[in-house]
Amino acid sequence: MVSPVRTRSTLGNTFRWLTVGYAVVLLFVTHVPGLSVSFGEATPVEADKILHFVAYAVLGFLLGLNVVFETPLALAPAALAILALGGFALVDELPQPIFGRVTDVLDWVADVVGAFMGLAFVWLSSLAWMLVQPNRPALICRLSDNEMTAGRIPPGKQPQ
Numbered sequence: 001m002v003s004p005v006r007t008r009s010t011l012g013n014t015f016r017w018l019t020v021g022y023a024v025v026l027l028f029v030t031h032v033p034g035l036s037v038s039f040g041e042a043t044p045v046e047a048d049k050i051l052h053f054v055a056y057a058v059l060g061f062l063l064g065l066n067v068v069f070e071t072p073l074a075l076a077p078a079a080l081a082i083l084a085l086g087g088f089a090l091v092d093e094l095p096q097p098i099f100g101r102v103t104d105v106l107d108w109v110a111d112v113v114g115a116f117m118g119l120a121f122v123w124l125s126s127l128a129w130m131l132v133q134p135n136r137p138a139l140i141c142r143l144s145d146n147e148m149t150a151g152r153i154p155p156g157k158q159p160q
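Set out below in structure tokens:
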């Protein structure tokens, strides 16, 4: 039988690989020349911004799972993750003319706002879980072997 700590470690590795894999796919797709998608009544420009927002919201969500897994409810790592995602979006956006696409500041803004929303969703969900279930660990939380007691945290030992 696998211990809960081992399962959580495997879960953390899964989050990491999903995030890295998604980021690689995102970099590839955003550099394909002539790629266009339409959303019903939305203009091509609006559809482009929606795609940027959603793509980076998913990336922010995945990175948020990593952040909450490693450091539950810590603001500094979450803020650092947003800065990293903003940098990643910039690195994604700047070389696009090389591939026959256009660099657009509004695309970058949509990327950053989407990343923030995805990460904030995970962080706030974890916070809500902690408020509703104060005697349980966060949705995704690392605990040592002695702290795993039938899924509860011993009195006086709250996640940091």
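FYI, in this note's numbering the residues of the sequence shown are 1 to 160. Virtual Cβ for every residue (Gly too), placed ideally from N, Cα, C.
- By the Cβ-count criterion, Ala110 is buried, with 16 or more other Cβ atoms from all chains shown falling within 10 Å of its own Cβ.
- Comparing alpha-carbon positions, the option among Leu27, His31, Pro33, Phe69 lying closest to Arg16 turns out to be Phe69.
- The residues Thr103, in chain order, have a CB closer than 7 Å to that of Pro97 in the same chain once the five nearest residues on each side in sequence are set aside.
- The Cβ-Cβ distance between Phe121 and Gly34 does not fall below 8 Å.
- Nearest in C-alpha terms to Leu27, of all of Thr43, Tyr56, Thr14, is Tyr56.
- Within the stretch 91 to 136, no run of beta strand (DSSP E) at least 3 residues long lies entirely inside it.
- Per the C-alpha coordinates, the member of Tyr22, Val132, Leu131 positioned closest to Leu62 is Tyr22.
- For Ala128, the closest of Leu73, Thr30, Thr43, Gly60 by C-alpha to C-alpha distance is Leu73.
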